[in-house]
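Asks:
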Amino acid sequence: MKHFGEPIQYLAREPIGLFSLIFTIAIIIMATIPTHIAPYDPYRIDASNTFKPPSPMNPFGTDDLGRDVLSQVIYGARTSMIIAVAAVAFSALLGTILGIMAGYYGGRADLTVSMVIDAKLSIPTFFLVLVVIALFGGSIANMIIVIGITIWPPIARVVRALVNSIRGSDFIEAARVIGASSIWIISKHIVPQIVGVVAAISILQMGSAIIIEAGLSFLGFGDPTLISRGKMLNIAQTYVEKAWWIGLFPGLFLFLTILSLNILGDRLYEYYNPRLREKVSYL
Amino acid sequence: MINVIVERLPATLLLMLTSIAWSAILGIVLGIRASIKRGGAIDNISTMLATLSVSIPTFWLGIVLIITLGGMLRILPTQGMLSPANIGMKNLSPAIILDISWHLVLPSITLGMAYLGIYIRSVKSLLIDELGKDYILLARAKGLDRSHILWRYAFRTASPSIIAILGLNIGTMLAGATLTETVFAWPGMGRLIYESAIARDYPVIHGIFIFISITVILANLVDDMINALLDPRVRY
Chain A
358 MKHFGEPIQY
368 LAREPIGLFS
378 LIFTIAIIIM
388 ATIPTHIAPY
398 DPYRIDASNT
408 FKPPSPMNPF
418 GTDDLGRDVL
428 SQVIYGARTS
438 MIIAVAAVAF
448 SALLGTILGI
458 MAGYYGGRAD
468 LTVSMVIDAK
478 LSIPTFFLVL
488 VVIALFGGSI
498 ANMIIVIGIT
508 IWPPIARVVR
518 ALVNSIRGSD
528 FIEAARVIGA
538 SSIWIISKHI
548 VPQIVGVVAA
558 ISILQMGSAI
568 IIEAGLSFLG
578 FGDPTLISRG
588 KMLNIAQTYV
598 EKAWWIGLFP
608 GLFLFLTILS
618 LNILGDRLYE
628 YYNPRLREKV
638 SYL
Chain B
167 MINVIVERLP
177 ATLLLMLTSI
187 AWSAILGIVL
197 GIRASIKRGG
207 AIDNISTMLA
217 TLSVSIPTFW
227 LGIVLIITLG
237 GMLRILPTQG
247 MLSPANIGMK
257 NLSPAIILDI
267 SWHLVLPSIT
277 LGMAYLGIYI
287 RSVKSLLIDE
297 LGKDYILLAR
307 AKGLDRSHIL
317 WRYAFRTASP
327 SIIAILGLNI
337 GTMLAGATLT
347 ETVFAWPGMG
357 RLIYESAIAR
367 DYPVIHGIFI
377 FISITVILAN
387 LVDDMINALL
397 DPRVRY
């Protein structure tokens with residue numbers, strides 16, 4: 358495992374990567390200290406200030422209850438990031454453990470895990486999440502658990518394939534010859550090699566987790582006590598003819614957040630798979 | 167109960183097929199162009215388009231299209247499948263068909279956009295894998311025409327996998343249409359999922375669940391059959 362700085366340098370080398378990095382950091386800051394950044398209290402209802410178009414007072418305008426859209430967008434970052442980080446941490450852990458089991462032990466463990474992945478693939482993720490949330494309610498804990506449980510298969514697949522190819526290496530055989538246990542080999546030889554790729558896919562998965570949460574809130578199944586960009590878009594849809602700014606800005610920030618995460622994830626994946634860049638073409 | 171699902175099916179199928187058609191064709195064309203000239207202008211544009219496409223929340227894209235093309239410019243209809251005057255008409259006269267296609271434009275742009283990136287990326291990576299193989303080098307050494315090599319050799323070999331990707335996405339699209347259909351009030355199955363989830367109509371949700379799973383399995387089966395037809399190595 359190379360030290361931490363090198364992948365960051367790789368990400369920052371191109372303008373798009375640098376922009377994504379800066380935007381992601383900005384979103385993380387918004388998510389951690391929204392009270393210091395937001396100009397107004399996002400929950401404050403002001404009946405005399407409804408549907409104000411963007412102005413110096415309210416740069417993104419106000420919504421149907423006179424709440425400041427910019428402040429809501431900033432607080433919305435928190436909801437997105439909590440869901441993304443928690444759900445992805447959960448799914449990365451689950452996916453890595455199952456992927457290692459399938460890839461390292463093979464045989465029956467591999468069959469079982471592969472079967473579960475295939476079964477999961479036959480049910481579209483968003484539909485599954487929607488049904489479960491509709492049945493059990495959209496509290497933030499429920500959303501984290503359901504999203505975490507539904508998005509692990511891609512991680513498990515990649516980990517399984519990686520572990521499978523590492524398992525055959527000579528140094529693993531050598532370690533086994535000198536009497537290393539499976540646990541030792543996995544933790545000292547295999548995990549350090551797959552951490553980077555798992556991190557890259559996890560960042561990509563954070564993008565999907567944010568999209569799923571926003572979609573749920575947009576349909577009205579999210580946590581009613583939280584400020585979510587998806588929920589703002591739900592309100593925006595009702596007033597789409599009257600007040601375009603309620604729809605444009607929250608979605609734009611949602612989009613840019615997901616875009617930056619996807620670009621970072623792609624770049625990081627490329628960094629840990631140098632072969633991707635060096636593929637030959639004879640045509 | 168079956169009736170409830172079946173009567174929503176035509177609208178969803180229409181939307182799905184239109185979206186698949188334009189996004190798959192554009193995706194395949196861009197994917198091929200990008201893989202031929204890596205690092206070229208088309209490669210850069212299509213890579214960017216693919217990243218945008220997988221990052222943009224469909225429902226927001228829908229809202230933006232409604233705001234701009236539907237609201238400000240008033241070019242295209244934004245809600246439903248028919249103009250108010252035509253609702254209730256059962257027979258398919260040319261005027262009705264035109265009306266439906268006019269209403270179809272924005273929803274199919276929105277839904278297809280979500281899949282365009284997947285098609286571009288997979289076609290590109292499949293073709294790049296193919297173009298790096300030895301038989302392409304041999305074909306070049308023999309002095310064959312480049313476009314001949316591309317279409318008759320590389321694309322042909324990659325085509326079973328490309329079709330597999332199209333088939334795999336049908337299931338996700340059935341459910342993925344939920345958001346698009348909700349934004350545009352399109353009377354299809356995706357909207358039925360939303361309506362029955364809101365109303366906690368469990369029998370209908372179960373029905374759709376089974377229906378989607380069966381569709382995915384059938385799509386995979388058809389996929390395997392086409393694969394067997396296209397790929398002489400596959401035998402069942």
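For the protein sequence lines, the chains are A and B, in the order given.
Each residue of the first sequence is one higher than the one before, counting from 358 in my numbering.
Each residue of the second sequence is one higher than the one before, counting from 167 in my numbering.
Heads up, the beta-carbon is just placed ideally off N, CA and C, and yes, glycines get one too.
Quick caveat: nothing in here was measured; it's all calculated off a predicted structure.
Write down every uninterrupted run of the alpha helix (DSSP H) in the stretch 368-438 of chain A whose length is 4 residues or greater and which is fully enclosed by it, in chain order.
Replies: Within the stretch 368-438 of chain A, the complete alpha helix (DSSP H) runs of at least 4 residues are 372-389, 391-394.
Asks: Tell me whether Y368 of chain B is buried or exposed, calling it buried when 16 or more other Cβ atoms sit within 10 Å of its Cβ.
Replies: Answer is exposed; the Cβ neighbour count stays below 16.
Asks: Can you tell me which of the three DSSP states V637 of chain A falls into?
Replies: V637 of chain A falls in the coil class under three-state DSSP.
Asks: Can you look up S267 of chain B in the DSSP assignment and give me helix, strand or coil?
Replies: Residue state, collapsed to three classes: helix.
Asks: With 7 angstroms as the limit, tell me which residues of the stretch 453-486 of chain A have their beta carbon closer than that to any beta carbon of chain B; keep them in chain order.
Replies: The stretch 453-486 of chain A vs chain B, Cβ under 7 angstroms: S479, I480, P481, F483, F484.
Asks: Give me the Cα-Cα distance between S379 of chain B and P399 of chain A, rounded to the nearest whole angstrom.
Replies: In a straight line, the C-alpha of S379 of chain B is about 42 angstroms away from that of P399 of chain A.
Asks: Indicate whether E347 of chain B and G337 of chain B have their beta-carbon atoms separated by less than 9 angstroms.
Replies: Not in contact: E347 of chain B and G337 of chain B (Cβ atoms no closer than 9 angstroms).
Asks: Would I623 of chain A count as contacting chain B if we go by Cβ distances under 9 angstroms?
Replies: For clarity, residue 623 of chain A is Asp in the given sequence; the question names Ile instead. It does; some Cβ of chain B falls within 9 angstroms.
Asks: Am I right that F375 of chain B and V489 of chain A are in contact with their C-beta atoms under 8 angstroms? What's the rounded C-beta distance?
Replies: 11 angstroms between Cβ atoms; not a contact.
Asks: My output table needs one value for K545 of chain A: the three-state DSSP class, helix, strand or coil.
Replies: In the structure shown, K545 of chain A sits in a helix (DSSP, three-state: H, G or I).
Asks: At 4 residues or longer, what runs of the alpha helix (DSSP H) sit wholly inside the stretch 568-608 of chain A?
Replies: The stretch 568-608 of chain A contains these whole alpha helix (DSSP H) runs: 586-595.
Asks: Which residue spans inside the stretch 458-525 of chain A form an unbroken alpha helix (DSSP H) run of at least 4?
Replies: The qualifying runs are 464-478, 482-493, 497-507, 510-524.
Asks: Identify whether M358 of chain A lies in helix, strand or coil by the three-state DSSP scheme.
Replies: Residue placement at M358 of chain A is flagged as unreliable, the pLDDT there being 49, under the threshold of 50; the coordinate-derived value follows with that caveat. The answer is coil: DSSP assigns M358 of chain A none of H, G, I, E or B.
Asks: Can you tell me where the alpha helix (DSSP H) with M391 of chain B in it begins and where it stops?
Replies: First-last of the alpha helix (DSSP H) with M391 of chain B: 368-396.
Asks: Should W226 of chain B be flagged as near chain A, meaning a C-beta pair shorter than 9 angstroms?
Replies: W226 of chain B counts as touching chain A.
Asks: Just the C-alpha distance for S291 of chain B and L561 of chain A, rounded to the nearest angstrom, thanks.
Replies: Rounded to the nearest angstrom, the two C-alpha atoms are 18 angstroms apart.
Asks: In three-state DSSP terms, what is F612 of chain A?
Replies: In this structure, F612 of chain A counts as helix in the three-state DSSP scheme.
Asks: Of all the CB atoms in chain A, is at least one closer than 9 angstroms to the CB of A200 of chain B?
Replies: False, the Cβ-Cβ gap to chain A never drops below 9 angstroms.
Asks: Please determine, among A:A441, A:G525, A:T453, the residue with the shortest C-alpha to C-alpha distance to I497 of chain A.
Replies: Ranking the options by Cα distance to I497 of chain A, first place goes to A:A441.
Asks: Which residues mark the beginning and the end of the alpha helix (DSSP H) in which W352 of chain B is found?
Replies: Neither: W352 of chain B is in no alpha helix (DSSP H) and is coded neither H nor E.
Asks: How long is the line joining the alpha carbons of T407 of chain A and L427 of chain A, rounded to whole angstroms?
Replies: Approximately 14 angstroms, taken between the alpha carbons.
Asks: Please classify Q245 of chain B: does DSSP put it in a helix, a strand, or coil?
Replies: Three-state result, Q245 of chain B: coil.
Asks: In whole angstroms, give me the CA-to-CA distance for Y397 of chain A and L384 of chain B.
Replies: When rounded, the distance between both Cα atoms is 53 angstroms.
Asks: Beta-carbon separation of L227 of chain B and M279 of chain B under 9 angstroms?
Replies: Yes, the pair counts as a contact, with Cβ atoms nearer than the cut-off.
Asks: What separation, rounded to the nearest whole angstrom, lies between the Cα atoms of I222 of chain B and A320 of chain B?
Replies: Cα to Cα, I222 of chain B sits roughly 32 angstroms from A320 of chain B.
Asks: Would you mind stating whether F484 of chain A and I359 of chain B have Cβ atoms separated by less than 9 angstroms?
Replies: Yes, Cβ-Cβ distance for F484 of chain A and I359 of chain B is below 9 angstroms.
Asks: Among the residues of its own chain, which have a CB less than 6 angstroms from the CB of V349 of chain B, if the five just before and after it don't count?
Replies: The answer, listed in chain order, is F225, G228.
Asks: Going by alpha carbons, who is nearest to K409 of chain A out of A:L609, A:A600, A:V473, A:F606?
Replies: Cα-wise, what sits closest to K409 of chain A is A:A600.
Asks: Does DSSP put R240 of chain B in a helix, in a strand, or in coil?
Replies: Coil at R240 of chain B, not helix or strand.
Asks: Would you grab the beta carbon distance between G342 of chain B and P481 of chain A for me? Rounded to a whole angstrom, and I think it's under 8 angstroms.
Replies: Contact flag correct, Cβ pair sits at about 7 angstroms.
Asks: Whole angstroms is fine: what's the gap from A251 of chain B's alpha carbon to R240 of chain B's?
Replies: Approximately 18 angstroms between the Cα atoms of the pair.
Asks: Might you give, ordered along the chain, the residues of its own chain that have their beta carbon closer than 8 angstroms to the beta carbon of S274 of chain B, omitting 5 neighbours on each side?
Replies: Within the same chain, S274 of chain B has close Cβ partners L181, T184, S185, W188.
Asks: Along chain B, which residues have their Cβ under 7 angstroms away from the Cβ of S638 of chain A?
Replies: Ordered by position in chain B, the residues that pass the 7 angstroms Cβ test against S638 of chain A are R204, I294, L297, G298.
Asks: Is the Cβ of M358 of chain A closer than 9 angstroms to any Cβ of chain B?
Replies: Only weak support is given to the placement of M358 of chain A: the predicted model assigns it a pLDDT of 49, under 50, and the value that follows is read from those uncertain coordinates. By this cut-off, M358 of chain A is not an interface position.
Asks: Is there contact between the stretch 602-622 of chain A and the stretch 373-382 of chain A, where contact requires at least three CB pairs shorter than 8 angstroms?
Replies: Yes, the stretch 602-622 of chain A touches the stretch 373-382 of chain A.
Asks: Could you give the residue range of the alpha helix (DSSP H) that holds F321 of chain B?
Replies: No alpha helix (DSSP H) holds F321 of chain B; DSSP gives it neither H nor E.
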